[in-house]
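Trainee:
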Amino acid sequence: MKLRITGLFVLSAAVAGARAGAAQEPAVWRLSAEPLLQIGVVEGAPEYQLFRAVSSVRLGDGRIAVLNAGSHELRFYDAEGRFVASVGRRGKGPGEFLAPARLYRMAADSLMVFDRANVRFSVHAPDGTFVRSEPVAEERRFRFAEWLYDRSWIDGPALGRGRGSVRAAIDRLPAPDPAVGYRYVKVSPQGHLWVRRPVAPGAPVEWIVYDLEARPIGQVTTPARFEIHEIGRDYLLGVWRDELDVEYIRLYAMSGAERAPVGTLADDVAAGPAPARSLPPAALNEVRRAIKNLATLQELHYSTGDFRYAADTDQLDGWEAPENLLVRIVNATPHGWTGLIIDERTGATCGLSYGAYPPVGWMPGVVLCETSFP
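Offset between the sequence shown (1-based) and this note's numbering: plus 85.
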């Protein structure tokens, strides 16, 4: 089947942004103008129609594994984007999924799927064969993906392995860009911290990449409406949504990043004493009131607009910034959104996820603060 490639992207050659105290200018990392591979169709065979493609990884032989949560499937496509096979279905039995949330690529290309509703991992061989289930204990549920620390919303490292290194690096980073007041950080397997620059709705996204010593080593621009699933040594893999919110898995080549030194993520890195950023009960109640108001206005925006959640509070009619609190929408898709609240008096960072597929371990509609994440 011929896959449709749409759109050309002109990527910025320079990114204005903060640098971590060093005189060096970070190198420009460039994505290919067109995706090397695109999987997805508006109409056609069901195995090429994507709905809630929440996660994807590239295997060593070039195959792409896609967790298509809308159909409760783990799908496999070859290096040319042709459908190979799928495993899984809706259910509670072995190899079945109720709310699959994220796909992890492990050693030797084995795969793990986190299922939020079944509260377990499903382990699969590289060809998709189900191997075993691993229940997730309650005390471990916040250890696997997105978490909060020091005015930062952080995605990674995978399965929470190496957060000590990340905390230490964030302690050294420049203060958050004053235009947004917080950091959105993606941690790559190469031990790099991708810090997102201020985002305009519907515009390309600019990133500054730091090493674990908080030195800026790269700057890269990703296309509008493209969500990164996997950062490779020389590629980016993720989901792109067109103007109608039709989903496509896209693979971009990335040049320049392959020359950057690789860091080692470790849990035992000393990040210094943890600052006291817990919220007293009165302040926590203020946070809950603010996020409840934000959630109400988001639902009004969704129902009276074009069935999209707002990506910025400026898009919400009736929103008034609460005193002493910084409130930001971190990410928004047609299926849900995540928000971040910072108490300006203490610096305490809290967040909320709302929608069909929250981050791994998060409970929809429940305010969590950075002290919740071990």
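The beta-carbon is built from N, C-alpha and C at its ideal position, and this holds for glycine as well.
With a threshold of 8 Å on Cβ separation, who are the neighbours of P443 within its own chain once the five nearest residues in sequence on each side are excluded?
Mentor: If you number the sequence shown from 1, residue 443 lands on position 358. Around P443: A186, R201, G421, T423 and P449.
Trainee: Whose C-beta lies closer than 7 Å to the C-beta of R217 among residues of the same chain, with five residues either side of it excluded?
Mentor: On the sequence shown, residue 217 is found 132 positions in, with the first residue counted as 1. Here the set comprises V208.
Trainee: Counting only the same chain and skipping the five closest in sequence on each side, list residues whose C-beta sits under 7 Å from that of R318.
Mentor: Taking the sequence shown and counting its residues from 1, the one referred to as residue 318 is at position 233. So the qualifying residues of the chain are Q275, A342 and E343.
Trainee: Count the other C-beta atoms from every protein chain shown that fall within 10 angstroms of the C-beta of N370, then say buried if there are 16 or more, exposed otherwise.
Mentor: Here the question's residue 370 lines up with position 285 in the sequence shown. Exposed: under 16 other Cβ atoms inside 10 Å.
Trainee: Using a 10 Å radius around the Cβ and a threshold of 16 neighbouring Cβ atoms, would you call K271 buried or exposed?
Mentor: Numbered from 1 along the sequence shown, position 186 holds the residue referred to as residue 271. Buried, since its Cβ has 16 or more Cβ neighbours within 10 Å.
Trainee: Give me the residue from L401, C435, V354 and R393 with the minimum Cα distance to L364.
Mentor: Along the sequence shown, one-based indexing puts residue 364 at 279. Of the listed residues, the one whose Cα sits closest to L364 is C435.
Trainee: Measure how close the beta-carbons of A154 and I334 come, nearest whole angstrom, since I'm counting them as under 8 Å.
Mentor: Position 69 of the sequence shown holds residue 154. Position 249 of the sequence shown holds residue 334. In fact, because the Cβ distance is near 13 Å, the residues do not count as touching under 8 Å.
Trainee: Note down, in chain order, each residue of its chain lying with its Cβ closer than 7 Å to the Cβ of M191, except the 5 sequence neighbours on either side.
Mentor: As a first step, residue 191 must be located in the sequence shown, where it is residue number 106. Closer than 7 Å at the Cβ level, and outside the excluded window around M191, lie M197.
Trainee: Mapping DSSP to helix, strand and coil, what is P366?
Mentor: By one-based count along the sequence shown, residue 366 stands at place 281. P366 falls in the helix class under three-state DSSP.
Trainee: Just list the beta strand (DSSP E) runs in the region 229–307, keeping only unbroken ones of 3 residues or longer that don't cross its boundaries, in chain order.
Mentor: 231–233, 237–240, 268–272, 278–281, 290–295 and 301–307
Trainee: What residues are listed by DSSP as bridge partners for W325?
Mentor: Translated into the one-based positions of the sequence shown, residue 325 becomes position 240. According to DSSP, W325 bridges with F311 and Y333.
Trainee: Apart from the five residues just before and just after A108, which ones in its own chain have a Cβ nearer than 7 Å to its Cβ?
Mentor: Within the sequence shown, residue 108 is the residue found at index 23, counting from 1. Only weak support exists for where A108 lies, its pLDDT of 49 falling under 50; the coordinates are left without a value.
Trainee: Hey, could you find the ends of the beta strand (DSSP E) T418 is sitting in?
Mentor: Counting from one through the sequence shown, the residue named residue 418 turns up at place 333. Here the beta strand (DSSP E) through T418 covers L410 to T418.
Trainee: Which residues does DSSP list as the beta-bridge partners of D200?
Mentor: Here the question's residue 200 lines up with position 115 in the sequence shown. Answer is P185 and R205.
Trainee: Select from N416, G440, P289 and P301 the residue whose C-alpha is nearest the C-alpha of I239.
Mentor: The residue you call residue 239 lines up with position 154 of the sequence shown. Among N416, G440, P289 and P301, the Cα nearest to that of I239 belongs to N416.
Trainee: Quick check on DSSP: helix, strand or coil for V221?
Mentor: Walking along the sequence shown from the start, residue 221 turns up at place 136. V221: coil per DSSP, three-state reduction.
Trainee: With DSSP collapsed to three states, give me the class of A108.
Mentor: For this step, residue 108 is matched to residue 23 along the sequence shown. Any reading at A108 must be qualified, since the residue scores a pLDDT of 49, below 50, and its modelled position is unreliable; the value itself is stated next. Three-state DSSP puts A108 in coil, outside helix and strand.
Trainee: Keeping to the same chain, check which residues put their C-beta closer than 6 Å to that of V151; ignore five residues upstream and five downstream.
Mentor: In the sequence shown, residue 151 corresponds to position 66, counting from 1. A138, S141, R160 and I334, listed in sequence order.
Trainee: Taking the alpha carbon of A130 as the point to measure from, which residue in A118, L122, V169 and S388 has its own alpha carbon closest?
Mentor: By one-based count along the sequence shown, residue 130 stands at place 45. Measuring from the Cα of A130, the nearest candidate turns out to be V169.
Trainee: Which of helix, strand or coil does DSSP assign to T214?
Mentor: Along the sequence shown, read from residue 1 onward, the residue named residue 214 stands at position 129. In the structure shown, T214 falls within a coil segment according to DSSP collapsed to helix, strand and coil.
Trainee: Here's a check: name, in chain order, each residue in its chain whose Cβ is nearer than 7 Å to the Cβ of G249, leaving out the five neighbours to either side.
Mentor: Translated into the one-based positions of the sequence shown, residue 249 becomes position 164. Same-chain partners within the cutoff: A351, D352, D353, V354 and A356.
Trainee: Decide yes or no for the touch test of the region 301–315 against the region 282–293: beta carbon pairs closer than 8 Å, at least 3 of them.
Mentor: yes
Trainee: Is it the case that the Cβ atoms of E315 and L322 are separated by a distance below 8 Å?
Mentor: Here residue 315 refers to the residue found at position 230 when the sequence shown is read from its first residue. Here residue 322 refers to the residue found at position 237 when the sequence shown is read from its first residue. Their beta carbons are under 8 Å apart, which means E315 touches L322 by this criterion.
Trainee: Which stretch, first to last residue, makes up the beta strand (DSSP E) that contains S439?
Mentor: Your numbering for residue 439 matches position 354 in the sequence shown. According to the sequence as given, residue 439 is Tyr; it is not Ser. Note, Y439: beta strand (DSSP E), T434 to G440.
Trainee: Helix, strand or coil for T431, going by three-state DSSP, please let me know.
Mentor: As a working note, residue 431 is residue 346 in the sequence shown. In this structure, T431 counts as coil in the three-state DSSP scheme.
Trainee: With a threshold of 16 other CB atoms inside 10 Å of the CB of R143, please say whether the residue is buried or exposed.
Mentor: Taking the sequence shown and counting its residues from 1, the one referred to as residue 143 is at position 58. With 16 or more Cβ atoms within 10 Å of its Cβ, R143 is classed as buried.
Trainee: Quick check: the Cα distance between Y402 and H386, rounded to an integer number of angstroms?
Mentor: Position 317 of the sequence shown, counting from 1, holds the residue named residue 402. Position 301 of the sequence shown, counting from 1, holds the residue named residue 386. Note on identity: in this sequence residue 402 is Asp, with Tyr being the wrong assignment. About 8 Å.
Trainee: Taking buried to mean at least 16 other C-beta atoms within 10 Å of its own C-beta, is D296 buried or exposed?
Mentor: Looking up residue 296 in the sequence shown gives position 211. Answer is buried; the Cβ neighbour count reaches 16.
Trainee: Among T214, E165 and Y162, which has the Cα closest to the Cα of P179?
Mentor: Your numbering for residue 179 matches position 94 in the sequence shown. Comparing Cα-Cα distances from P179 to each of T214, E165 and Y162, the minimum goes to T214.
Trainee: Curious, which full-length beta strand (DSSP E) runs of at least 3 residues does the region 122–174 contain?
Mentor: 122–124, 138–143, 149–153, 158–162 and 168–172
Trainee: Looking only at C-alpha atoms, which of S388, G440, R373 and P346 sits nearest to H277?
Mentor: Here residue 277 corresponds to residue number 192 of the sequence shown, with the count starting at 1. Ranking the options by Cα distance to H277, first place goes to P346.
Trainee: Which residue's Cα is closest to the Cα of Y267: R257, A254, R281 and S273?
Mentor: Here residue 267 corresponds to residue number 182 of the sequence shown, with the count starting at 1. Of the residues R257, A254, R281 and S273, the one whose Cα lies closest to the Cα of Y267 is R281.
Trainee: Short check: CB of G145 to CB of D212, under 8 Å?
Mentor: Locating residue 145 in the sequence shown gives position 60, where the first residue counts as 1. Locating residue 212 in the sequence shown gives position 127, where the first residue counts as 1. Going by C-beta atoms, G145 is not nearer than 8 Å to D212.
Trainee: Going by DSSP, which residues form a beta bridge with T423?
Mentor: Taking the first residue of the sequence shown as 1, we reach residue 423 at position 338. DSSP lists N416 and S438 as partners of T423.
Trainee: Check whether the Cβ atoms of I427 and I376 lie closer than 8 Å to each other.
Mentor: Position 342 of the sequence shown, counted from the start, is the residue given in the question as residue 427. Position 291 of the sequence shown, counted from the start, is the residue given in the question as residue 376. No. Outside cutoff.
Trainee: Taking the alpha-carbon positions, what's the L327 to A361 distance?
Mentor: Translated into positions along the sequence shown, residue 327 becomes position 242. Translated into positions along the sequence shown, residue 361 becomes position 276. With the sequence shown as reference, residue 327 is identified as Asp, and Leu is not the correct amino acid for it. Distance between the alpha carbons of D327 and A361: 43 Å.
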